[in-house]
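Before any comments, here is the structure.
Number of protein chains: 2
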Amino acid sequence: MRSAFQDQLEQVTDDLVEMTRVVGSAMNKATQALLDADLSLAESVIEADARVDALTSDVEDRCFEIIALQQPVASDLRVVLGAMRMAGSLERMGDLAEHVAKQARMRHPRPAVPTELRETFAQMGRLAEDIVSKTGQVIASKDVTLGTDIARHDQEMDRLHRELFTIVLSPTWSHGVEAAIDVTLLSRYYERYADHAVSVTRRVVTIVTGEPYVGVTLDG
Amino acid sequence: MRSAFQDQLEQVTDDLVEMTRVVGSAMNKATQALLDADLSLAESVIEADARVDALTSDVEDRCFEIIALQQPVASDLRVVLGAMRMAGSLERMGDLAEHVAKQARMRHPRPAVPTELRETFAQMGRLAEDIVSKTGQVIASKDVTLGTDIARHDQEMDRLHRELFTIVLSPTWSHGVEAAIDVTLLSRYYERYADHAVSVTRRVVTIVTGEPYVGVTLDG
């Protein structure tokens, strides 16, 4: 027979998977808004962040109740505390998607990204989509072998981020200081979105394997 | 008679206050390293971040034990979970001090900050010092009236951050794209350091007053 603990934990897992879908959709739309200078799409992403915040609160409240009522210990307690932290990381991924959308809105009707960097951001958007989709699968299936794919995507994101610096600082950069700052900040949002996804995956790995959690170097 | 729960919680509080001292010292030295282009000081900050990470692990382990062994419920459980999150915010503040130090190291022997912005960063450093010191007092004393001071300092930090954008984007900016990106990123590190400190203070307010936690808009 399933315990109340297991039932409640399954609900938390479902909520976390739903969060990956919501923050994945948010980043996907934010990228499109950025590339198309689409104001209404950008605004829809900004409005939808309240949904991410509400889901985060739900997960946190549910975890609180599980701890208070079921009083899990040892590995069960680690699972619940791990879920609370995953919700925190996913909430920040939602914030980062919102930041991308706000940048698109701020520069509208001009595009925030010069033509020569459109493909870089399109690639970053695709990587973000892949990473968050696989993160959802890891949470749902506990198949931690997907962590290898996610780490590879994250490295590719880091490479694009470094490459962007080279482009912006090259003598051929003709878009001035403001555009340079815009694309640098944008690129960091994508890079950190990926970092947070890696952090979520590592939490799952810790829970599944019992290995200690290895932190991702995040930018605060 | 004091309970084991209270004794253990006091130890956690002491650790959190110690963390504010360590991350305060780190940001203070990072600012000095930045202003003096002092490589060895920058490196000492980067090395010392391991101490912050170790303190974070200690607090998290201690909180885990308290929950597993004392099985607190209701407000007691909220206090312990709040402490875990404060440790997470303080860890990120340590990371941000490390980022400032790394920027100083990367540009050494050149200063990362042009002369005309030295006073801005000196002010940001002083604000960061004030904020983290008062955050430590709030944690130790539960005197949440200090929250007003902290919020005021945080607003001043935001003002400096916005002012910096104006300077960097003005036609008189003569330091090129790289320096513009450097100081923008640096300024964000200070601004977010202050945001995390505000977040810690709000956690204490939630615990003391029972009012719901109001999130700080962090950049992911």
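Going line by line, the protein sequences match chains A and B. For the first sequence, the numbering used here begins at 1 and goes up steadily by one. For the second sequence, the numbering used here begins at 1001 and goes up steadily by one. No residue lacks a Cβ here, since even glycine has one placed at the ideal position from N, Cα and C.
Three or more pairs of CB atoms, one per stretch, sit closer than 8 Å, so the segment 1148 to 1163 of chain B contacts the segment 1122 to 1135 of chain B. Residue-level contact by beta carbon holds for A1074 (chain B) and chain A, with a gap shorter than 8 Å. Against chain B, the CB of T184 (chain A) has a partner CB under 8 Å away; the residue lies at that interface. When CB distances to chain A are screened at a threshold of 7 Å, the residues of the segment 1157 to 1187 of chain B falling below it are V1168, L1169, W1173, V1177, E1178, A1180, I1181, T1184, in chain order. Using beta-carbon distances, A1068 (chain B) counts as an interface residue toward chain A, with a partner under 8 Å. Contact check between the segment 1088 to 1098 of chain B and the segment 1019 to 1036 of chain B: three or more CB pairs, one atom from each, fall below 8 Å, which counts as touching. DSSP places T172 (chain A) outside any alpha helix (DSSP H), giving it a letter other than H or E. When DSSP states are grouped into helix, strand and coil, H1153 (chain B) belongs to the helix group. Excluding five sequence positions before and after A1194 (chain B), the CB atoms of its chain that fall closer than 6 Å to its own CB belong to I1131, D1154, M1157, given in chain order.
Scanning its chain for C-beta atoms nearer than 7 Å, with the 5 sequence neighbours on each side dropped, one finds around V1205 (chain B) the residues V1144, G1147, E1211, in chain order. By the C-beta density criterion, L127 (chain A) is buried, having at least 16 other C-beta atoms within 10 angstroms. With a 10 Å radius around the Cβ and a threshold of 16 neighbouring Cβ atoms, R62 (chain A) comes out buried. Secondary structure note for G88 (chain A): its alpha helix (DSSP H) is the uninterrupted segment 74 to 107. By the CB criterion at 8 Å, A87 (chain A) and T56 (chain A) fall inside the cutoff. Scanning B:R1085, B:E1060, B:V1138, B:E1098 for the CA closest to the CA of Q1032 (chain B) turns up B:E1098.
Of all residues in the segment 1119 to 1140 of chain B, none comes within less than 7 Å of chain A when Cβ atoms are compared.
In the three-state DSSP reduction, D38 (chain A) falls in the coil class, being neither helix nor strand. For Q71 (chain A), the C-beta contacts it makes with chain B under 7 Å involve Q1071, in order along the chain.
For chain B, none of the residues of the segment 21 to 48 of chain A brings a beta carbon within less than 9 Å of one of its beta carbons.
Interface with chain A (8 Å Cβ-Cβ cutoff): F1005 (chain B) is excluded. Across the segment 87 to 118 of chain A, CB contacts with chain B closer than 8 Å involve G88, R92, M93, D95, L96, H99, in sequence order along the chain. Annotation for K1102 (chain B): I1046 place their beta carbon closer than 7 Å to its own, counting only its chain and skipping 5 residues before and after.
Chain-ordered, the chain B residues with CB closer than 9 Å to the CB of L81 (chain A) read E1060, C1063, F1064, I1067, L1081, M1084. In the three-state reduction of the DSSP assignment, E1163 (chain B) falls in the helix class. Closest in alpha carbon position to Q123 (chain A), among A:L34, A:A54, A:A83, A:A50, is A:L34.
Under a 10 Å Cβ-count criterion, R105 (chain A) is classified as buried, with 16 or more other Cβ atoms of the shown protein chains found around its own Cβ.
Within the same chain, and ignoring the five residues on either side of F5 (chain A) in sequence, the residues whose Cβ sits closer than 8 Å to its Cβ are I66, Q70, P72, D76.
Spatial neighbours of R118 (chain A) in its own chain (CB-CB distance under 7 Å, excluding positions within 5 residues in sequence) are listed in chain order as L35.
In chain order, V168 place their CB closer than 6 Å to the CB of A180 (chain A), counting only its own chain and leaving out the 5 sequence neighbours on each side. For A1197 (chain B) and L164 (chain A), the gap between their C-alpha atoms comes out near 31 Å. Sixteen is the threshold: when 16 or more other Cβ atoms of the shown chains lie within 10 Å of the Cβ of R1188 (chain B), as they do, the residue is buried.
A distance of 8 Å or more separates the beta carbons of Y1190 (chain B) and R1202 (chain B). For E116 (chain A), the closest of A:V138, A:T172, A:R192 by C-alpha to C-alpha distance is A:T172.
The closest CA to that of R1162 (chain B), considering only B:K1142, B:S1174, B:V1183, is found on B:V1183. Within 8 Å of the CB of L77 (chain A), the CB atoms of chain B belong to F1064, I1067, A1068, in sequence order along the chain.
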